[in-house]
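Each number in this note's numbering comes from the position in the sequence shown (counting from 1) with 1 added on. Glycine is no exception: its CB is placed at the ideal position from the N, C-alpha and C atoms. Written out below as structure tokens is the structure these notes cover.
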Amino acid sequence: MNIGIIGSGTMGIGIAQVAAMNNCKVFLYDQNEEQTEKSLKGLQKVLARLVEKNKIDFEESENIYNRIKFCTELKDFKDCDFVIEAIIENKEIKTKVFQSLEEIVSEKCIISSNTSSISITSLSSELKNPKRFIGIHFFNPAPLMPLVEVIPGLLTEKNLAEEIVTLMESWGKIPVIAKDVPGFIVNRIARPFYGEALRMVEENIATPEQVDDAMRTLGNFKMGPFELMDLIGIDVNFSVTKTVYADYFFDPKYKPSLLQQRMSEAKLHGRKTGKGFYDYSENAQKPAPEKDEELYQEIFMRILSMLINEAVEAKRLGIANDEAIELAMQKGVNYPKGLLQWGFDIGFERVSETLQNLYNECQEERYRQSPLLRKMRNV
2 MNIGIIGSGT MGIGIAQVAA MNNCKVFLYD QNEEQTEKSL KGLQKVLARL
52 VEKNKIDFEE SENIYNRIKF CTELKDFKDC DFVIEAIIEN KEIKTKVFQS
102 LEEIVSEKCI ISSNTSSISI TSLSSELKNP KRFIGIHFFN PAPLMPLVEV
152 IPGLLTEKNL AEEIVTLMES WGKIPVIAKD VPGFIVNRIA RPFYGEALRM
202 VEENIATPEQ VDDAMRTLGN FKMGPFELMD LIGIDVNFSV TKTVYADYFF
252 DPKYKPSLLQ QRMSEAKLHG RKTGKGFYDY SENAQKPAPE KDEELYQEIF
302 MRILSMLINE AVEAKRLGIA NDEAIELAMQ KGVNYPKGLL QWGFDIGFER
352 VSETLQNLYN ECQEERYRQS PLLRKMRNV
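So this is what it looks like as structure tokens:
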């Protein structure tokens, strides 16, 4: 199979590696040739490490690398069976690329976007043949993260999602089908993990160190919200939050954080700039949190209750089935367990009471409960 990848950034080169490791011939295109050269050198290092760890042999590493062809023009995609776009999260720029692509590839070629939050229906609506367009959202780093969200738009051909699921499974991925809603499954349900953490710091209830420590120690999360934002990129996380907020017609549940905006404006983007909520410069030491058991319980229950409420609402709206919701959060963002199961484990009544207390105290719509949560508290 001939796979076209548009964009050679971290995500693009990661997807290219996945496809090449599954015996696909990959055509990699990026306007920025320097970026492509940098990414291909990085891929050589990744493959060398895999050889060192005996994950693949040297010959296979050479074969994988040679299956990827760097393209200087989009017209090199003329023989592609399947194209995945992985460029900047900007609808206008993406749409122009897709329109150009339609003039080059065959009618049978599947065109897809790796967007994390832009409407698939909206992207496809400007195309001559929207039926062959679909969302295929990988998670970073693509070679390591197993989850892939498959998102058909309103104009997507009926059977295409299942075809993509089959293909992703053959690539060793765990695909889940999601409705075309802002944020799809993971980026919608996960918003409170960041938003509520930011709110507590803005309200001087806790420090970033305390929030992260509470979520790791009480919830067994591999990383706390602030550590994860620094890893993702504070600017990237903020951009996704703004998109979800706007696309849900400014629903208070998804309101962005002023603190996060200021961090973005200051270009304190996290690891990639050397400083975010934590300092990553050489010899910098991470501050130790002031431990407080009562405060840690408040932090943990506040964030977890918001997350469970989002998962229950996603279930109510049929954004995905129960299995997909549980898999998505565990395999897409490494949550220690599925949120619906977590609700059963700690009791939906406790979750409901936590949210009601927050609503009574703050008088904000962000703490409103899913109608289904109120029913599940009695299950």
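Same chain only: Cβ atoms within 6 angstroms of Lys180, ignoring 5 sequence neighbours per side: Ile320
Output the distance between the C-alpha atoms of Ile65 and Leu155, rounded to the nearest integer angstrom. 36 angstroms
Reference Glu311; option with closest CA among Asn205, Phe301, Arg192 and Glu63: Arg192
Closest to Lys165 by CA distance: which of Glu104, Glu108, Ile85 and Gly184 is it? The sequence shown places Ile at residue 165, rather than the Lys named in the question. The candidate whose alpha carbon is nearest that of Ile165 is Ile85.
If we ignore side chains and look at the alpha-carbon of each, how far apart do Leu305 and Phe194 end up? 8 angstroms
Which of the three DSSP states is assigned to Glu150 in this structure? strand
Residue range of the alpha helix (DSSP H) that Glu103 falls in? Lys92 to Glu103
Taking Cβ positions, are Val151 and Ala143 nearer each other than 8 angstroms? no
Straight-line CA distance for Ile135 to Met307? 30 angstroms
Leaving out five residues on either side along the sequence, give the residues of the same chain with a beta carbon under 6 angstroms from the beta carbon of Pro131. Ser125 and Leu156
Within a Cβ cutoff of 7 angstroms, which residues of the same chain sit near Met22, ignoring the five residues on either side of it in sequence? Ile65
Per DSSP, what are the beta-bridge partners of Tyr30 in this structure? Ile7 and Cys72
Own chain partners of Pro226 with C-beta closer than 7 angstroms, once the 5 adjacent residues on each side are dropped: Phe194, Tyr195, Ala198, Val212, Asp213 and Met216
Under 8 angstroms Cβ to Cβ from Tyr297, same chain only, skipping five residues before and after it: list those, please. Gln211, Asp214, Ala215, Thr218 and Leu219
Counted within 10 angstroms of its Cβ, other Cβ atoms place Glu324 as buried (16 or more) or exposed: exposed
Same chain only: Cβ atoms within 7 angstroms of Ser123, ignoring 5 sequence neighbours per side: Lys92
Phe301, enclosing alpha helix (DSSP H) - first and last residue: Glu294 to Arg317
In its own chain, which residues sit with a C-beta less than 6 angstroms from the C-beta of Asp248, not counting the 5 before and 5 after it? Pro183
For a quick check, are the C-beta atoms of Phe349 and Arg378 less than 8 angstroms apart? yes
Alpha helix (DSSP H) containing Gly220: first to last residue? Pro209 to Gly220
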